[in-house]
Structure formats: C-alpha cells, structure tokens
Amino acid sequence: VLGSWDWSVLHKLEDQTFFLSSTRDVETKLKANIIRLSSDPKLIMFNISPDVKNVTELSKMNLTMSDLPLHSFQRDAVFLGEHMYSEVRSAHKLDKLANRLEHEKNLSNTLLYSMLPQNVADLLRRGETYEPMNHEDVTLFFSDVVGFTEMAAELAPWEVIDMLNILYTVMDFLNERFGLYKVETIGDAYMCCSGLPEPDKFNAENVANFAIAVNECVKLVKSPLTGESIRLRMGIHSGHLMSGVVGTLTPHYCLFGDTVNTTSRHESTGEPDRIQASSITYGKIAHFSEQSDHFQWTPRGLVTMKGKGQMFTYWLDGASELNPRTGPEALKKLVKEVDEEISSKKWKKRNYFLKRAGSMSSGLFQDE
Numbered sequence: 003v004l005g006s007w008d009w010s011v012l013h014k015l016e017d018q019t020f021f022l023s024s025t026r027d028v029e030t031k032l033k034a035n036i037i038r039l040s041s042d043p044k045l046i047m048f049n050i051s052p053d054v055k056n057v058t059e060l061s062k063m064n065l066t067m068s069d070l071p072l073h074s075f076q077r078d079a080v081f082l083g084e085h086m087y088s089e090v091r092s093a094h095k096l097d098k099l100a101n102r103l104e105h106e107k108n109l110s111n112t113l114l115y116s117m118l119p120q121n122v123a124d125l126l127r128r129g130e131t132y133e134p135m136n137h138e139d140v141t142l143f144f145s146d147v148v149g150f151t152e153m154a155a156e157l158a159p160w161e162v163i164d165m166l167n168i169l170y171t172v173m174d175f176l177n178e179r180f181g182l183y184k185v186e187t188i189g190d191a192y193m194c195c196s197g198l199p200e201p202d203k204f205n206a207e208n209v210a211n212f213a214i215a216v217n218e219c220v221k222l223v224k225s226p227l228t229g230e231s232i233r234l235r236m237g238i239h240s241g242h243l244m245s246g247v248v249g250t251l252t253p254h255y256c257l258f259g260d261t262v263n264t265t266s267r268h269e270s271t272g273e274p275d276r277i278q279a280s281s282i283t284y285g286k287i288a289h290f291s292e293q294s295d296h297f298q299w300t301p302r303g304l305v306t307m308k309g310k311g312q313m314f315t316y317w318l319d320g321a322s323e324l325n326p327r328t329g330p331e332a333l334k335k336l337v338k339e340v341d342e343e344i345s346s347k348k349w350k351k352r353n354y355f356l357k358r359a360g361s362m363s364s365g366l367f368q369d370e
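The sequence shown finishes on residue 370 if you use the working numbering, and the numbering steps up by one all the way, no holes.
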C-alpha cells in the first residue's frame, strides 16, 4: 500500500528502468522497473531481475537461467545475447587467424621472392612452367673475399658466418639501392646483375656504380682473423645470356652462357680492392652512354684468362664529381647509411659450439 506516497510522481516512473548493484562480495548487477497493480487501493510491484546479456555474465554472478523470471522476455534476450556473443568471439578468432595467415603469407612471399624473381615465382606457384629466356643486354658482377680459404681454416665457424652476414648485409643494401638483381652467393662469392629479369638500358652503369660503392663500403667489414678491413676482388662484364629454372625439388633460377664464365674470369684474374671491367663494359659506358663522364678508368692491358686466351681489360677506378650516385660526396653519405644499417643489426655469436667443446673437454679430463 502506497499510503501517503505521491502517486503522481510514481506514475511517471512506470516506464523507467532502474539499475542496482548488490553489496555482496560477488558483484551482482540488477535492473528493475515499477508495475502498477491497482489505483484504488494504490498498489505497485517492484520487479527485479539480473542485468545480464549472456550466460557468461550470468555465471560470474553465481546465477543460472532458473534465476530469471519464468515468463519474462529476459530469458530469450540472454539466449540471443549468448548467440551474438558467440558470433562476435568467432568473428574475432577468424580475424586474428586471417591476420596471422596474411603475416605468414607475407613471410613466405619474402622468402620465395628472395630465391626467385617475382614473376617466375608466381608462375611456379600457379603450377605453370617458366620458359627459358634469352637476355641480349645484361651486365654481371662477381666478387670474392681475398684470403677467405685461410680465414675458414683458422677461424671458428660462427666467426666466419658473422663476417659473411655483415658483408652480405652491406652488399644486399647496395644491391637494392642501385636496382640490381641478386643471383646467388656461393661461400664468399657474390653474384648479381642488371638487365634481368627486366631489361634496363643503364645496366652497365648500374653495376659500375654498385661496384664502386661496394669497394668503398666493404671497408666497414673487419676480418676476425686480422682485425683489418676485408678485401674483395671484383669483376664486371656485359653481354647476352640465358635464364631458366632448374630442378623440381628445390627449383633454382640459373643464368647460363659465356657471359657468366667471362665475368668469373675477370673476377679471378683481378687484384684486391680493384674492379676489373671487360672492354665490352668499358665501351658501353665510355663510348655509348649518356653517363660516360661519370666514371674514371685506367687501361690494364692484355690479361690471360683460362679458356679465353688474352683479353684487354680496364680498371674501374671510381666515379667522377659529376656522378650524382657514387661521386665523392654521394659516396660519403652512402658509407654513413651503410654503417647505420650494420649498426641496426644484432649479430649474435654462436656460443653453443664453445660451450659444447668446453663441456666435452672437461668430461674427457674427468675420465682420465
């Protein structure tokens, strides 16, 4: 019975919903509304039920579905909320899975495209065959580390690997900078080119700039054996060659032709810290290039090469001040960038071998 309560005020609260919180240890959220039972006498009912949207929230309050009003729409609302909550969770899981799959796909693409040209990789992925191609105008670059055999014999494995990692970080950075394609590395030998997979009329100039930059930036790489900068022999040559994918278990993008052999000979007959160029590459740049005044050359003369006889070669001494890519000022900035790139890497030594060797030695000593 309302007694002296103001009915006009309570009448305005009939369509309102009240939210209550319990004072128990377990937090319980309730909602309530006023239902008028009679005007004379003045009677109302205060209807209270848990404020939940799904079964999970209901369980957190130590309640069950039987605690909800039997003839209330709230049971249906909880079931609907549980269904929606389940859909949201499923959508969230699918979204996380999709993001993870996309991340894994990007990683696999990065690895695949580092082994094969993108157009070749996409063909193989679709189950198609890459047809061997002729490339009429390509310039190749070969290099190897002077004294690497002695280093490999004297140094621990992790020291050799760390040195090569730093060296190839430098060369890969410059490779991307000058738009070359990295063909492969075999031990201490590095092979790259310009003019394939896509033709480039400035292929000789690109490789020449790359070689000049490598010759300067490699001074940042120290030999673990002597503590001094490592030294490279480098050779460049231009010509035509073929490309194709060889192998089915581990497909490999290979280059074939006399140009490959001739470039290798220019590298092997070169001298430390110098870039030996063929007369063909020299002629392309010095006589037929718009950038002929960007480079400095010194004739070396006739050089006897295995399987080739005598060939007239040139030393690529460096770039002139007119060269905006590897001129004196540009080269200083490039060396600084490469140094920062090396510093950003974390080179971890492989101490496993040391620990294993130490434990084996101590074990042998104890056995004695």
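We treat Cβ as the ideally placed atom computed from N, Cα and C, and that holds for glycine.
Nearest-angstrom Cα separation, counted from residue j out to residue i
| i | j | result |
| --- | --- | --- |
| Leu-70 | Phe-21 | 16 Å |
| Lys-286 | His-105 | 44 Å |
| Thr-2 | Leu-96 | Lying before the first or after the last residue shown, residue 2 is absent from the chain, which here runs from 3 to 370. |
| Met-193 | Arg-102 | 35 Å |
| Glu-29 | Thr-171 | 59 Å |
| Leu-15 | Ile-50 | 15 Å |
| Asn-211 | Ala-332 | 11 Å |
| Leu-251 | Ser-116 | 17 Å |
| Gln-120 | Leu-198 | 12 Å |
| Thr-19 | Leu-60 | 19 Å |
| Glu-133 | Pro-201 | 17 Å |
| Gly-441 | Phe-144 | Residue 441 lies beyond the range of the chain shown here (3 to 370); nothing can be said about it. |
| Glu-343 | Ser-110 | 24 Å |
Own chain residues within Cβ distance below 6 Å of residue i, not counting five before or after
| i | result |
| --- | --- |
| Gly-320 | Ile-214 and Gln-298 |
| Ala-288 | Ser-294 |
Extent of the continuous beta strand (DSSP E) to which residue i belongs
| i | result |
| --- | --- |
| Glu-186 | 183 to 188 |
| Ala-191 | 191 to 196 |
| Met-135 | 135 to 147 |
Beta-bridge pairing of residue i - partner residues as DSSP gives them
| i | result |
| --- | --- |
| Ala-321 | Phe-297 |
| Met-376 | Since the first residue shown for the chain is 3 and the last is 370, residue 376 is missing from the structure and cannot be characterised. |
| Ser-231 | Lys-224 |
| Phe-314 | Leu-304 |
| Ile-238 | Phe-143 and Ala-279 |
| Ser-2 | With the chain covering only 3 through 370, there is no way to say anything about residue 2. |
| Leu-45 | Ser-40 |
Own chain residues within Cβ distance below 8 Å of residue i, not counting five before or after
| i | result |
| --- | --- |
| Pro-274 | Val-148, Arg-233, Leu-234 and Arg-235 |
| Asn-205 | Asp-139, Val-140, Thr-141, Cys-195, Ser-196, Gly-197 and Ser-240 |
| Ala-279 | Ala-210, Gly-237, Ile-238, His-239, His-268, Trp-299, Thr-315, Tyr-316, Trp-317 and Leu-318 |
| Met-67 | Val-57, Leu-60, Arg-77 and Val-80 |
Extent of the continuous alpha helix (DSSP H) to which residue i belongs
| i | result |
| --- | --- |
| Ser-110 | 76 to 117 |
| Thr-171 | 159 to 179 |
| Phe-212 | 205 to 219 |
| Thr-151 | 150 to 156 |
| Asn-121 | 120 to 127 |
| Ser-345 | 330 to 345 |
| Glu-59 | 57 to 62 |
Cβ shell of residue i (< 7 Å), same chain only, five flanking positions each side left out
| i | result |
| --- | --- |
| Val-185 | Met-193, Cys-194, Cys-195 and Leu-257 |
| Asp-53 | Phe-21, Lys-31, Leu-32 and Lys-33 |
| Lys-221 | Ser-231 |
| Pro-301 | Tyr-316 |
Closer than 7 Å: residue i CB and nearest the ligand FAD heavy atom
| i | result |
| --- | --- |
| Glu-29 | In the structure on display, the ligand FAD does not appear, and there are no ligands present to speak of. |
- In chain order, which continuous runs of the beta strand (DSSP E) of length 3 or greater are located wholly inside the region 254 to 312? As far as the region 254 to 312 is concerned, its whole beta strand (DSSP E) runs of at least 3 residues are 254 to 258, 276 to 280 and 297 to 307.
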